[in-house]
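4 protein chains.
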Amino acid sequence: MQENDIEKMREECKSDTLRVVSPEMEKILYKKIPMLDHGFIRVIDYMGTDASIVQAARVSYGVGTKKVQEDRGLINYLMRHGHTTPFEMCEIKLHVKMPIFVMRHWIRHRTANVNEYSARYSVLNNEFYIPELDQIARQSETNKQGKADVAMDQAKAREIVDIMNEVSGNAYEKYTHMLNDLSLTRELARTILPVSVYTEVYWKIDLHNLLHFLKLRADSHAQYEIRCYANKILEIVKAWVPFTYDAFMNYRKNSVSISQKCVELNKRMLKGEKITQENSGLSKGEWQEFVNALDLSDFVN
Amino acid sequence: MQENDIEKMREECKSDTLRVVSPEMEKILYKKIPMLDHGFIRVIDYMGTDASIVQAARVSYGVGTKKVQEDRGLINYLMRHGHTTPFEMCEIKLHVKMPIFVMRHWIRHRTANVNEYSARYSVLNNEFYIPELDQIARQSETNKQGKADVAMDQAKAREIVDIMNEVSGNAYEKYTHMLNDLSLTRELARTILPVSVYTEVYWKIDLHNLLHFLKLRADSHAQYEIRCYANKILEIVKAWVPFTYDAFMNYRKNSVSISQKCVELNKRMLKGEKITQENSGLSKGEWQEFVNALDLSDFVN
Amino acid sequence: MQENDIEKMREECKSDTLRVVSPEMEKILYKKIPMLDHGFIRVIDYMGTDASIVQAARVSYGVGTKKVQEDRGLINYLMRHGHTTPFEMCEIKLHVKMPIFVMRHWIRHRTANVNEYSARYSVLNNEFYIPELDQIARQSETNKQGKADVAMDQAKAREIVDIMNEVSGNAYEKYTHMLNDLSLTRELARTILPVSVYTEVYWKIDLHNLLHFLKLRADSHAQYEIRCYANKILEIVKAWVPFTYDAFMNYRKNSVSISQKCVELNKRMLKGEKITQENSGLSKGEWQEFVNALDLSDFVN
Amino acid sequence: MQENDIEKMREECKSDTLRVVSPEMEKILYKKIPMLDHGFIRVIDYMGTDASIVQAARVSYGVGTKKVQEDRGLINYLMRHGHTTPFEMCEIKLHVKMPIFVMRHWIRHRTANVNEYSARYSVLNNEFYIPELDQIARQSETNKQGKADVAMDQAKAREIVDIMNEVSGNAYEKYTHMLNDLSLTRELARTILPVSVYTEVYWKIDLHNLLHFLKLRADSHAQYEIRCYANKILEIVKAWVPFTYDAFMNYRKNSVSISQKCVELNKRMLKGEKITQENSGLSKGEWQEFVNALDLSDFVN
C-alpha cells in the first residue's frame with residue numbers, strides 16, 4: 472500500500488467514538504514505520520490510555536489509591552511496586568514485517584495474539600534481510616557470543632554481504648523454479664528459503680506483556696535486529712501512554728536488581744571500606760555485574 | 472453513578488478516531504445493564520469488529536481466503552474449521568458487578584485480564600445476592616446436581632429467602648461492628664461475609680476466549696446466576712460482531728459433537744435399521760447423549 | 472549419544488520412587504525414536520497416569536463422579552463432556568529434533584514450556600530436511616493448498632531433491648566460511664541457513680494441551696512433516712495413558728462437529744426425505760463437509 | 472485419610488523408575504503438612520530436579536553455558552540474568568486445603584493447572600478459618616491497609632473470635648437446614664457460607680511460575696494467611712531443588728530493584744555527599760522505599 476493510499480484511508484475512516492482516545496496514537500495509526508531493509512511496523516489499533524490504567528487500579532486498590540491523587544504518581548507507584556494487572560487493561564495491535572529469524576525470537580512471548588502470513592498458502596516475496604556493511608562490523612566487534620577476536624574489516628564485510636545476496640538470491644530462484652516448473656507444493660518449496668526471508672504478522676498484546684517484551688528485546692543483550700523493532704515500539708509506547716513510558720524507563724527498563732549480598736557490600740562501601748572482588752565473596756562474573764549495576768567503577772579501583 | 476451522569480459523560484467524551492468503530496457498541500458504551508438483584512455489566516471499551524477478523528485472516532491464510540470473497544462467508548468458514556486465531560484480534564473490556572460465588576467460576580477462565588475490587592483495601596457494601604422466590608423453585612426442580620426429590624413449594628422458598636436475608640444481614644452487621652468498634656483489619660473482618668456478597672471487576676478478554684467462556688457459561692449445565700451474565704454478554708457480542716455471533720451460534724454454541732461410533736449408528740439408522748440402547752453398544756448415559764445430540768427421540772422409540 | 476550409552480544410562484539411573492509410575496513409559500524413557508531424515512523424539516520425563524486424572528476429577532466433581540465407578544468410564548465421561556482440567560494434571564517432557572519450519576508450527580502452541588537450541592550461541596550442524604522422492608510426489612498430489620495440477624513424476628521429484636541438496640549444501644558451506652574465515656557472528660551467519668535446517672528443543676506440556684496439539688497436528692490438514700511427529704506422539708500417549716488415548720480417539724480425534732442446521736437435515740433424511748445440496752440451504756463447501764462428517768455419500772446421491 | 476494410612480500407601484506404591492528423583496521430596500510425598508486451623512499442603516507429585524534445569528539450559532544456551540561448569544554456578548547465573556525458561560522444566564503438584572478467601576488470591580496466578588472441590592456437586596464440611604487470638608492482634612498492629620490506630624487488646628480479640636465462631640456456626644447450621652429440610656440445591660445453599668470456609672484444590676505449576684507465586688505471596692505485603700502457605704512451600708522448594716532455592720532467595724526473593732535515579736543517589740552518597748529526602752528529588756514514599764531497599768537508615772540521618 473502506498474503512503475498516499477494510507478493517507479486517503481486515514482481520511483475516509485474517521486469516525487466518532489465514545490472510547491478513550493490517544494491523540495498521539497491517532498496521528499500514527501496505519502502509517503508504515505520502515506524497519507531494517509524491507510520491514511515495517513504499523514499500528515493497527517489500540518485500546519486504552521494512561522487513564523485506563525488509573526481507572527482499573529482505583530477499582531482494585533480502592534482506598535489505598537486515594538492517597539496518590541494524581542494519575543502520574545499512581546502509575547509510578549504501580550510500576551515501582553510490581554502491581555502489574557492494571558497495565559493489562561491497555562491493548563495494542565501491530566502489523567509487523569520482519570525476517571523469520573527475528574520472528575522466531577518474537578514468538579517466544581506467549582501471552583500475545585498472532586496471525587502470521589502463511590507460506591503454505593501463499594508465495595513469499597523475494598525479500599531477504601541483508602545487514603548494512605557498518606552493522607556487520609559493529610555487531611562482530613561488540614558481540615561476545617560470536618567469534619569476534621579477529622577484527623572485521625570492510626573488505627570482509629563486503630564479502631559477507633555478497634555471500635548473503637548470492638545465497639538468498641539463489642534460494643529464491645530455485646524456490647520459484649520448483650513452484651512454477653516442477654509443480655512442487657508451496658509448503659515444501661519454502662523449506663529451502665533462508666531464515667532471513669521476510670514474513671508478516673498481526674500481533675496483539677496487552678501493555679504489561681508488551682513492556683516485558685520491551686524489557687527483554689530492547690536490552691543490549693538482544694540481537695541487534697529485534698532490538699531495532701523494540702526501540703521503535705518504545706517510541707510508540709511513549710506516544711500512547713506517556714506516564715507509563717516514563718515509569719517503565721525509570722523503574723524497570725533502566726533499573727537494576729541488587730541481591731542481598733550486594734546490598735551488604737554497598738553498605739560496607741558507604742562505611743568507607745575498600746571492597747574488591749577478592750574480599751567481596753562474589754565470583755568474577757557476579758562482581759563485574761555488581762560494579763556495572765550500581766556504576767561503581769570509580770569507587771572500586 | 473447515576474444513569475444521567477453516564478449520559479452526560481457519554482456526551483462529553485465524544486472524540487474523533489481512525490480506529491474501526493462498531494456503531495452498535497457505541498450506543499451501549501458505559502451504560503449499566505442490570506443483572507440479578509444488585510449486579511450489572513457495563514462495556515468500557517472494545518477493539519475491532521467483524522472486519523478485523525477478516526483482515527487478520529486474509530494475512531494468515533492468504534491465497535486460500537480469496538475463494539471466500541465476502542466477509543460473512545469467511546467468518547463462517549473460520550468458525551467451522553476451528554481457525555481461532557483471527558478471532559483473537561478483537562478485544563472487549565467489561566466492568567462487571569457480581570456475587571463472589573459467580574466470580575469464582577468466572578475467574579477460572581485464565582486467558583483474560585482482571586482487576587478486582589479488593590476487600591483488603593476497601594470496605595464491602597451491604598449487598599448480597601438473594602434469589603427470587605420463583606427462581607429458587609425452578610432451580611431446585613431442574614437441578615440434577617442438588618437434592619431435588621422433594622418438590623419446592625412457595626412456603627419453603629419464602630423460608631429460604633428469609634434465612635438468606637438473616638444470615639447475610641447478620642454477617643454484615645458483625646462485619647461493620649468488627650471494623651468500627653473492634654479495630655479489626657479489613658482483610659480479616661471480610662472473612663465472615665458469605666460468598667453471596669457482591670464484588671466488582673474490570674475484565675478484558677479477546678473474542679476467541681470470550682466465545683469459549685460463553686460456550687461453557689451460557690450452557691444449560693452452568694449455574695443459573697452466571698448463565699444470566701453469559702446470556703447478556705451474548706447479546707453484546709451480537710451487537711458488536713454480528714457475523715461472528717451468527718457463526719458462533721450455528722457452528723459452536725448450538726453444534727453437537729458426534730463420536731465415530733455414533734456416526735456409524737446414525738448411518739445404520741439411515742439404512743433403516745432399528746437402533747436401541749441395547750444394540751447400540753453405548754452405555755445408558757452415552758446413548759441418551761447421542762439421542763439428544765441428534766434429536767433422535769422420534770426415531771428410537 | 473549412542474543407543475548403547477542410553478541403555479547404560481537407563482541402567483544406572485534406576486531409582487525407587489513413591490510417585491505413580493507408567494510401566495510402558497519407563498520402557499521407552501530416554502530412547503531416541505527416529506523421525507524424518509535427521510530428527511527424533513525422546514521422552515525425558517512424565518508426571519501422572521490415567522489414575523491421576525481420575526484422582527483430580529473425583530476432587531472436582533465430588534459426588535457426581537461416584538456414579539461412574541470405574542476409571543475408564545469416568546475418563547470417557549470427562550472427555551465427552553469437555554471437562555478438561557483433570558487432563559491438565561498429567562505432564563510430559565520431550566526432547567525433539569525437527570526442522571525449523573516444523574518448529575515454527577509447533578511453537579504456535581503457547582501453553583507449553585520450551586527450551587530451544589540457540590543458533591546465536593552455538594553452531595548448527597550440517598543437517599537439513601530433504602523429503603523422500605515418494606513423499607514429494609504424494610504431497611503434491613494430495614495437497615490442495617499448493618499448485619498440484621500437474622502430476623509430479625519421478626524425474627521432477629529427483630530434480631527437486633537435487634536442488635534441495637544443492638541449496639542447503641551451498642548455504643552450509645557459506646555459513647561455515649563466514650564463521651571461520653570472515654569472523655562473522657553466529658547470530659548473523661545463521662541467517663542464510665534455510666528453514667529446513669534441524670533444531671532441537673526440550674518441550675514440556677500438560678496432557679490436555681498436548682491432546683489439543685495432537686487434534687490439530689495429527690489432522691490430515693496439517694503438513695505431512697509435523698504430522699509424522701504428532702502421529703508418533705499419539706503412540707506415546709497410548710503407552711502412557713491408555714484410557715485417555717481411547718477416549719480421545721473416539722470422542723475428539725475422530726469425532727465430528729454438527730451444526731444445528733445439519734442436525735435438522737439429518738432428521739429430514741431419517742424421515743425419508745431426499746436431501747441434496749440444492750435443497751439443503753448449505754453452501755457447496757459446507758454441504759461437502761456435512762456429507763463427509765456423517766459419512767453420508769451413500770445416502771445423498 | 473489418617474496418617475498411618477498414608478504411611479501404608481507410601482509403602483505399597485514404591486516402584487522403580489528411570490526418571491530423575493529428588494530423595495528429599497520422596498520423604499515428604501503424600502504427607503499432610505498442617506496449615507492454619509484446618510488446612511494442609513500435600514505434595515502429590517513432582518517432575519525434575521536442579522539437574523533438569525541445567526540439562527535444559529545447556530541445550531538452550533549451548534556454548535555459552537560451558538564456561539559455567541558446575542551446576543550451582545549455572546543455576547545462579549540463570550536466576551541472576553532472568554533466563555527463566557529452564558526453570559519451567561520442573562513441575563510440582565500439590566493438594567492444598569485452604570479457606571476460600573485465600574483461594575481467591577491463589578487463583579489469580581493464571582499459569583497453573585487447577586482442580587477445585589465443587590460446592591455445586593458436594594456438601595462442604597463444617598470447617599471455617601478462625602484466626603488465633605495473638606494473630607488478630609499482630610495483624611491489626613502491623614497492617615497499614617486496615618484501620619489499626621486503636622490498639623487491639625485481648626478482650627477485643629476474644630470478642631472477634633466469638634463473633635467469627637457464631638457467624639460461621641450459624642451459617643453452617645442454616646446451610647444444612649436448607650439442604651436437608653428445605654430441599655434447596657447445593658449450588659444455592661452454599662451461597663450463605665462465609666469466605667472463611669475451607670475448600671480443597673489440586674494445584675500443578677511449573678517451578679518458574681511457582682517462584683513468581685512465592686515472590687508475591689511470601690512477601691510481607693501478602694495477607695498473613697496465604698503467606699503461611701507460601702512460606703511452607705518455600706521449604707518444600709528447598710528440599711526439592713536446593714540450588715534453585717538458594718539462587719532464588721539471594722537473587723530474587725531478597726533482592727531489591729533500584730531505579731536509575733537511585734543509582735545516582737547512591738553514587739553521590741559514596742562520594743561523601745549528604746543525601747536527604749529534600750535534596751534527593753524523590754517523593755516521600757519513594758525516598759522511604761530507597762532507604763529500605765539499600766538499608767541506608769544509618770547513612771541518611
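Sequences listed follow chains Z, E, D and G, in order.
Quick note: the first sequence uses my numbering, first residue 472, plus one each step.
Quick note: the second sequence uses my numbering, first residue 472, plus one each step.
Quick note: the third sequence uses my numbering, first residue 472, plus one each step.
Quick note: the fourth sequence uses my numbering, first residue 472, plus one each step.
For each residue, glycine too, the CB sits at the ideal point set by N, CA and C.
If you're wondering where the values come from, they're calculated on a predicted model, not measured in any experiment.
Alpha-carbon spacing of residue i relative to residue j, whole angstroms
i       : j       : result
G752(G) : N737(G) : 13 angstroms
M787(G) : L500(G) : Nothing can be reported for residue 787(G), as the shown portion of chain G is limited to 472 through 772.
Q731(G) : R629(G) : 49 angstroms
H580(D) : F684(D) : 7 angstroms
T488(D) : D487(G) : 6 angstroms
L650(Z) : W577(D) : 25 angstroms
V762(G) : L681(E) : 45 angstroms
E612(E) : V632(E) : 17 angstroms
P602(Z) : C699(Z) : 12 angstroms
V585(Z) : D542(E) : 20 angstroms
Cβ of residue i within 8 angstroms of any chain G Cβ
i       : result
F714(Z) : no
R490(D) : yes
Y700(D) : no
F572(Z) : no
F770(Z) : yes
Chain D within 8 angstroms of residue i, Cβ atoms only
i       : result
I729(E) : yes
E630(Z) : yes
S726(E) : yes
Residue-chain proximity (residue i, chain E), Cβ-Cβ < 8 angstroms
i       : result
E658(G) : yes
A710(Z) : no
E760(D) : yes
K618(G) : Here K618(G) scores only 47 on pLDDT, less than 50, and its place in the model should not be relied on; the value that follows carries that caveat. It does; some Cβ of chain E falls within 8 angstroms.
Y600(D) : no
E443(Z) : Nothing about residue 443(Z) can be reported from this structure: the residues present for chain Z run from 472 to 772 only.
L741(D) : yes
6 angstroms CB neighbourhood of residue i in its chain, flanking five on each side removed
i       : result
E696(E) : V573
M569(Z) : G510
R688(Z) : I697 and A701
V708(G) : Y716
Own chain, CB closer than 7 angstroms to residue i, minus 5 neighbours either side, in chain order
i       : result
A642(Z) : I663, L664 and P665
Contact with chain Z by residue i, beta-carbon distance below 8 angstroms
i       : result
E757(G) : yes
D766(G) : yes
V734(G) : yes
Y643(G) : no
R609(G) : no
Other residues of its chain near residue i: CB distance less than 8 angstroms, five sequence neighbours each side excluded
i       : result
H679(E) : T555, T556, F558 and E559
* **4 or more residues per run - each alpha helix (DSSP H) lying fully within the stretch 489-543 of chain Z** => 494-499, 521-532 and 534-537
* Quick check: the stretch 697-717 of chain Z against the stretch 495-506 of chain Z, are there 3 or more CB pairs under 8 angstroms? -> yes
* Is it a yes or a no for the stretch 575-592 of chain G touching the stretch 660-680 of chain G, going by three-plus beta-carbon pairs under 8 angstroms? -> yes
* Three-pair Cβ contact test at 8 angstroms for the stretch 546-565 of chain Z versus the stretch 717-734 of chain Z -> yes
* Segment contact, 8 angstroms Cβ cut-off, at least three pairs: the stretch 672-683 of chain E with the stretch 556-569 of chain E -> yes
* Could you tell me which uninterrupted alpha helix (DSSP H) segments, each at least 4 residues in length, are contained entirely in the stretch 636-663 of chain G, listed from first to last along the chain? => 657-660
* Any beta strand (DSSP E) of 3 or more consecutive residues that is wholly inside the stretch 555-632 of chain G -> 562-570 and 584-587
* At what residue ranges does the stretch 657-697 of chain Z contain a whole run of the beta strand (DSSP E), taking only runs of 3 or more? -> 669-677
* Going along the chain, which unbroken runs of the alpha helix (DSSP H) with 4 or more residues stay wholly within the stretch 724-753 of chain D? -> 731-741 and 748-751
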